[in-house]
Amino acid sequence: MTEYTTDLLWIAAAYLVGGIPFGYLIGRMRGIDVRTVGSENIGATNVFRTVGKKWGLLAFACDVLKGLLPTLAAKAFGGPALWVGVVCVVGHMLTPYMKFKGGKGVATAFGMLLGLVPGVVGTAFALFALVFACSHYISLSSCSAAAFLAVAIWFPALGAEGRTNLPQCVLVTVIALFVIWKHRSNIGRLVRGTESKIYLFRRARTDAPSAVTAGACATAKA
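Quick note: the sequence shown, position 136, residue 139 per my numbering, numbers continuous.
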């Protein structure tokens, strides 16, 4: 088997793993189709809002891991780690299991970048946490962290000899900008003042929403 064929197998496997719709599957386990409630997105944020906090956090963890573990595996076994990570994110955004309609890629991109450039990701996550603590908007926090990554990735990539890892910088920048583009509807709601806030530690009345709550979420598209 040639190196080219091996790389293609890595990439194909990464796409299939990245495309696993954990948010949708967790919602179905709880009797809720997240495609029909809230923002109708299969990502962790919508699961958090419409299924329950602990289920949203579980979806987030699963989405992070499906970006992190394939990237680390590729690094450990000589696969094209950069491409594997990027394709995991693309798989999440354009999942083959849901007619190529997926999530916004924030958690999976976080996992991928954590495997590739942990130092930059740590700073981006701190920025995410700060913006979220001040605003309680997941979308604003995600876009802020993505915008930071799009710029910051060009600086830590400089090596001892002053050479830039150009493919990594370009691809990470493209992914970060794509994440922001996927949030265009959220950005519109932020501008209009209709975006929903999330309070991570506020006690909810019930772990899963009632039919009335789900219907209200669907109407608001929050």
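Virtual Cβ for every residue (Gly too), placed ideally from N, Cα, C.
All of these numbers come straight from a predicted model, not from anything done at the bench.
message = Here's the rule: buried if 16 or more other CB atoms are within 10 angstroms of the residue's CB, otherwise exposed. What is G191?
response = Translated into the one-based positions of the sequence shown, residue 191 becomes position 188. With fewer than 16 Cβ atoms within 10 Å of its Cβ, G191 is classed as exposed.
query = Under a three-way DSSP split, which group does Y27 fall into?
reply = Taking the sequence shown and counting its residues from 1, one reaches residue 27 at position 24. It is helical.
inquiry  = What would DSSP say about G88, mapped onto helix, strand or coil?
reply    = Working through the sequence shown from its first residue, we reach residue 88 at position 85. Three-state result, G88: helix.
query = Candidates P73, V40, Y140: which alpha carbon is nearest G22's?
reply = Taking the sequence shown and counting its residues from 1, the one referred to as residue 22 is at position 19. Closest by alpha carbon: P73.
inquiry  = Residues in the same chain with beta-carbon distance under 7 Å from V50, minus the five sequence neighbours each way, listed in chain order, please.
reply    = Position 47 of the sequence shown, counting from 1, holds the residue named residue 50. G26, I29, G30, V37, W58, G59, A62.
ask   = Do you know offhand how far N189's Cα is from Y18's?
value = Numbered from 1 along the sequence shown, position 186 holds the residue referred to as residue 189. Numbered from 1 along the sequence shown, position 15 holds the residue referred to as residue 18. Distance between the alpha carbons of N189 and Y18: 26 Å.
inquiry  = What would DSSP say about N44, mapped onto helix, strand or coil?
reply    = Position 41 of the sequence shown, counting from 1, holds the residue named residue 44. Reduced to three states, the DSSP call for N44 is coil.
ask   = Do A179 and A155 have their C-beta atoms closer together than 7 Å?
value = Indexing the sequence shown from 1 puts residue 179 at position 176. Indexing the sequence shown from 1 puts residue 155 at position 152. The answer is no: Cβ separation not under 7 Å.
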